[in-house]
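Here is the structure we will look at.
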Amino acid sequence: MANKQQGHIKKWQDDKGFGFIDTEQGDLVFFHINEFKVRRRPEVGEQVVFTLGQDNQGRMQAKDVQELSFVQQKMAQKNQQIRQRNAKRSHQAEFEAGQKKRLFLGVGFYGVLILLVVMNKLNWLVLAWYVVLGVITYAMYAKDKAAAQSGAWRTPESTLHLLSALGGWVGALLAQTYLRHKSQKPEFRVTYYLTVVINMAGLLFLLSGGGLETVTDLLSVSL
Numbered sequence: 001m002a003n004k005q006q007g008h009i010k011k012w013q014d015d016k017g018f019g020f021i022d023t024e025q026g027d028l029v030f031f032h033i034n035e036f037k038v039r040r041r042p043e044v045g046e047q048v049v050f051t052l053g054q055d056n057q058g059r060m061q062a063k064d065v066q067e068l069s070f071v072q073q074k075m076a077q078k079n080q081q082i083r084q085r086n087a088k089r090s091h092q093a094e095f096e097a098g099q100k101k102r103l104f105l106g107v108g109f110y111g112v113l114i115l116l117v118v119m120n121k122l123n124w125l126v127l128a129w130y131v132v133l134g135v136i137t138y139a140m141y142a143k144d145k146a147a148a149q150s151g152a153w154r155t156p157e158s159t160l161h162l163l164s165a166l167g168g169w170v171g172a173l174l175a176q177t178y179l180r181h182k183s184q185k186p187e188f189r190v191t192y193y194l195t196v197v198i199n200m201a202g203l204l205f206l207l208s209g210g211g212l213e214t215v216t217d218l219l220s221v222s223l
């Protein structure tokens, strides 16, 4: 409304199809019915907005006369749309930043496992276990999302959590991020983080030497 002026209709001669607008500055500005952008006749006293222009003889008159309430409503809708677009862009930016952080976390965890294997502090079978469980867990999330969209039989949440606790939590993390599945349910997220803690505790137990030989033997048999 930077180029718009406000006022109210002071006079209106319906039989002649023109009237005058009393501006905020106290001036009377002529306007014709053809410049009234509402599908009805003007009413004396109603608030309007308009732009100043000239007729063919160079005389000052109001152009593009509209209801003030209509213009304000349109402006409010436009501002709301702008806020929604900005919020969407901000949310998308935060989501993409979160994607990078989670991907870095997953890659970093596997990198640490590889380093531990190279340093002979961890058996390569443990690394293979984590990789296989990560892939399986991601696949199970993808299957469950497809089932949710098609109305097919769902994978129990307990199964997804069990896979995470056994070592597939990185696959679960990436699935929640990139598939956007099971990422909004607070109860599920809390339990998921608990499975990560449980798995990390088990890994630290292995690294401290507790039961490492037994677990290695079991992995050798299973793999």
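Numbering (this note's numbering), first residue to last: 1 to 223.
Think of the CB as a built atom: it goes at the ideal place given N, C-alpha and C, for glycine as much as any other residue.
Q. Which value, in whole angstroms, describes the spacing of the CA atoms of T191 and Q176?
A. Straight-line Cα distance between these residues: approximately 13 Å.
Q) What residue from K88, R39, L125, S69 has the CA that sits closest to L203's CA? A) A check of alpha carbon separations from L203 across K88, R39, L125, S69 identifies L125 as the nearest.
(Q) On the criterion of 16 or more Cβ atoms from any shown chain inside 10 Å, does I82 qualify as buried, or is it exposed? (A) Exposed, by the Cβ-count rule.
Q: State buried or exposed for H91, treating a residue as buried only when at least 16 other CB atoms are found within 10 Å of its CB.
A: exposed
Q) Along the chain, where does the beta strand (DSSP E) that runs through E67 open and close? A) 60–67
Q. Is the segment 135–147 close to the segment 108–115, with three or more CB pairs under 8 Å?
A. no
Q) When the Cβ atoms of the segment 166–175 are set against those of the segment 193–202, are three or more pairs found closer than 8 Å? A) yes
Q) Would you say H32 and G17 are within 8 Å of each other, going by their C-beta atoms? A) The answer is yes: Cβ separation under 8 Å.
Q) Could you give the uninterrupted runs of the beta strand (DSSP E) lying entirely in the segment 21–89, keeping only those of 3 residues or more? A) DSSP runs (the beta strand (DSSP E)) wholly in the segment 21–89: 28–32, 47–54, 60–67.
Q) What residue range is occupied by the uninterrupted alpha helix (DSSP H) comprising H161? A) H161 -> alpha helix (DSSP H) spans 157–163.
Q) Between T155 and the rest of its own chain, which residues show a CB-CB distance below 6 Å, the 5 nearest in sequence each way excluded? A) M140, D144
Q: Report all residues from its chain with a CB closer than 7 Å to the CB of W153; omit the five preceding and five following residues, and keep chain order.
A: A147
Q | Contact set for F70: own chain, Cβ-Cβ below 8 Å, skip 5 residues either direction | A | V38
Q. Quick one: is F50 buried, meaning 16 or more other Cβ sit within 10 Å of its Cβ, or exposed?
A. buried
Q) Where do the ends of the beta strand (DSSP E) carrying W12 lie? A) 5–13
Q) Are the CB atoms of H8 and E67 nearer to each other than 8 Å? A) Not closer than 8 Å, so no.
Q.
Which runs of the alpha helix (DSSP H) at least 4 residues long sit entirely within the segment 141–209? Give them in chain order.
A. Considered as a whole, the segment 141–209 harbours 157–163, 169–178, 186–207 as its complete alpha helix (DSSP H) runs of no fewer than 4 residues, in chain order.
(Q) Residues in the same chain with beta-carbon distance under 7 Å from D22, minus the five sequence neighbours each way, listed in chain order, please. (A) G7, H8, K10, L28
Q: Reducing DSSP to helix, strand and coil, say where V19 ends up.
A: According to the sequence provided, residue 19 is Gly. The question's Val does not apply to it. In this structure, DSSP gives G19 an extended state, which the three-state scheme calls strand.
Q: Between the Cα of G19 and those of N3, Q25, V48, spot the shortest distance and give me the residue it belongs to.
A: V48
Q | Candidates V112, Y138, G151, of which the one nearest L162 by Cα | A | Y138
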